[in-house]
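In what follows, a structure is listed as structure tokens, so that the remarks can point back to it.
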Ligand SMILES: [Zn+2]
Ligand SMILES: [Zn+2]
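Numbering (this note's numbering), first residue to last: 23 to 467.
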């Protein structure tokens, strides 16, 4: 069935990342301009890309080459993973991103396997072409895409991440991307002007449907993590599997600050794998990561890890096979003196999730790197969020009182007692139109 778009000027159409976390990509038609927000992939091998065909089947687009622009909120692969493919099909369509996002996404896409993304069926030259088509955006500095004024505002989350504000003469749309409403060690909180007229708010809802962590608890969780690390280091070593971008640097800063404050005795922290280059990019943008204690792992470190006494920080965060963290985990799992501490998102199907499920069952075997290893090490999880929670989203709605709110980038199917959609409906339902985005279903703005 074809969707008649001729009679309507403003449409939001999620083709991925609507009611899921992964493959974020949202088509936005504002008057006669056609914009794509983000171009991400899913973490699973199958159906990794957003479903752009929906747009062709409904005669909204004949091809991605009809777009006016592609705007990228931040570098994480669930927002940029299919950019080379999209850019190839979009021909000369300009791409816009911050300089840090561009640096980080080039690193990530060149090393997608290490960061747990399976679909890398593009050639390196496609990535280079996509990079060549990217215009660098400075936060707070408006620019024009034909009749639309666009401004990027820092959104916290990770280095370079931004919320995107689009203004036509009749409609103002704010897309938050992934955001934090609290300061992290490596990225300050979402930074929007107080007086912004927002008609449509498209907001992430990662923790909109789970009780996982309240940002107010993150400080406490950091302290608990440090205390646990200090305890393990009395006799063993700690592996922290972490996403190469964002989480690795945040943990490195948490450890550096703990050593400075005296809550952690000075110890060796080795950053390994892709996190090294990602940390170099953070340093390029003025965020110090390395110091006398926090160092790049030497090239032959893997051979000598048994005699190492300290902390290893490396990706993948989910212990995907053949990554640095999986290799170190294989060596450390059977050591009862050592520990593996997870601090981030674990995909349902990931080895990290399976191992985490064994944490109460020491002595069980865990299959990793083609071997069965006896689990004797301490396995624990710490919730250091890089996303806002329900309260943060509701504060944002309260502050800008948009006419419409659309929730994306969440797990509405998991909604139990925490349910941002119903909570928002209850609080603002009489004043605001509230939508839960669903892949493939358009919302008229
Ligand atoms: Zn992200
Ligand atoms: Zn995301």
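Every residue gets a Cβ at the ideal spot worked out from N, C-alpha and C, and that includes glycine.
- Item | Cutoff 8 Å; reference residue 328; Cβ partners in own chain excluding five residues on either side | 353
- Task: Go to residue 361, then tell me how far its beta strand (DSSP E) extends in each direction, as first and last residue.
- Result: 361 to 364
- Message: For a test of the three-state rule: what should DSSP assign to residue 34, helix, strand or coil?
- Response: strand
- Query: Taking 7 Å as the line, does the beta carbon of residue 401 fall inside it for any heavy atom of ligand 1?
  - Reply: no
- Item | Own chain residues within Cβ distance below 6 Å of residue 127, not counting five before or after | 97, 102
- Query: Beta-carbon separation of residue 210 and residue 178 under 8 Å?
  - Reply: yes
- Message: One question on the structure: do residue 406 and residue 373 come within less than 8 Å of each other, judged by their Cβ atoms?
- Response: no
- residue 224: CB within 7 Å of a non-hydrogen atom of ligand 1: no
- Item | Backbone CA spacing between residue 255 and residue 262 [nearest angstrom] | So the two alpha carbons sit approximately 13 Å from each other.
- State the start and end residues of the unbroken beta strand (DSSP E) segment that holds residue 166. 165 to 167
- Message: ligand 1 and residue 200: does the residue's C-beta get closer than 7 Å to at least one heavy atom of that ligand?
- Response: yes
- Item | Straight-line gap, residue 266 to residue 424 (C-alpha atoms, nearest Å) | 35 Å
- Query: Closer than 7 Å: is that where the CB of residue 43 sits relative to any heavy atom of ligand 2?
  - Reply: Result yes, Cβ under 7 Å from ligand 2.
- What residue ranges within the region 66 to 130 form continuous beta strand (DSSP E) runs of no fewer than 3 residues, ordered along the chain? 91 to 93, 117 to 120
- Message: Looking at the secondary structure, which residues open and close the beta strand (DSSP E) in which residue 415 lies?
- Response: First-last for residue 415: 412 to 422, but that is the alpha helix (DSSP H), not the beta strand (DSSP E).
- Looking only at its own chain, which residues have a Cβ that is under 7 Å from the Cβ of residue 380, when we skip the five neighbours before and after it? Shown here for residue 380: same chain residues with a beta carbon closer than 7 Å to its own, the five before and five after excluded, namely 386, 388, 397, 401 in chain order.
- Report the partner residues of residue 176 according to the DSSP bridge assignment. 184
- Would you report the Cα separation of residue 414 and residue 112, rounded to the nearest angstrom? 35 Å
- Task: Can you give me the start and stop residues for the beta strand (DSSP E) that residue 432 sits inside?
- Result: 426 to 432
- Message: Rounded to whole angstroms, what is the Cα-Cα separation between residue 282 and residue 248?
- Response: Here the alpha carbon of residue 282 sits roughly 12 Å from the alpha carbon of residue 248.
- Message: Can you tell me whether residue 408 is buried or exposed? The criterion is at least 16 other CB atoms within 10 Å of its CB, across all chains shown.
- Response: By the neighbour-count rule (16 or more Cβ atoms within 10 Å), residue 408 is buried.
- Task: Could you tell me which residues DSSP puts in a beta bridge with residue 336?
- Result: 263
- Message: Rounded to whole angstroms, what is the Cα-Cα separation between residue 140 and residue 134?
- Response: The pLDDT assigned to residue 140 is 49, lower than 50, so where the model puts this residue is not dependable; a value taken from the coordinates is nonetheless given after this. Whole-angstrom Cα-Cα distance: 7 Å.
- Item | Whole-angstrom distance between residue 302 and residue 336, CA atom to CA atom | 14 Å
- Sorted by chain position, which residues of the same chain lie with C-beta nearer than 6 Å to residue 119's C-beta, five sequence neighbours on each side aside? 94, 156
- Task: Return helix, strand or coil for residue 54, following the three-state DSSP convention.
- Result: Of the three classes helix, strand and coil, the one that applies to residue 54 here is coil, per DSSP.
- residue 407 - containing alpha helix (DSSP H), residue span: Premise fails: residue 407 is in no alpha helix (DSSP H) and is neither H nor E.
- Three-state class that DSSP yields for residue 343 in the structure shown: If DSSP states are grouped into helix, strand and coil, residue 343 belongs with coil.
- Report the residue from 74, 229, 52, 189 whose alpha carbon sits nearest the alpha carbon of residue 429. Considering only 74, 229, 52, 189, the residue with the shortest C-alpha distance to residue 429 is 229.
- Beta-carbon separation (whole angstroms), residue 186 vs residue 59, contact threshold 8 Å: 7 Å
- Message: Given the structure, does residue 217 come close to ligand 2, in the sense that its CB is under 7 Å from one of the ligand's heavy atoms?
- Response: no
- Is the beta carbon of residue 332 sitting closer than 8 Å to the one on residue 289? Cβ distance < 8 Å, so residue 332 and residue 289 count as in contact.
- Is residue 179 near ligand 1, going by C-beta to nearest heavy atom under 7 Å? yes
- Task: Could you tell me if residue 393 is buried or exposed, where buried requires 16 or more neighbouring beta carbons within 10 angstroms of its beta carbon?
- Result: Looking at its Cβ environment, which holds fewer than 16 other Cβ atoms inside 10 Å, residue 393 is exposed.
- Rank 89, 47, 434 by C-alpha distance to the C-alpha of residue 57 and give the top, closest one. 89
- Item | Local conformation of residue 242 per DSSP, three classes | helix
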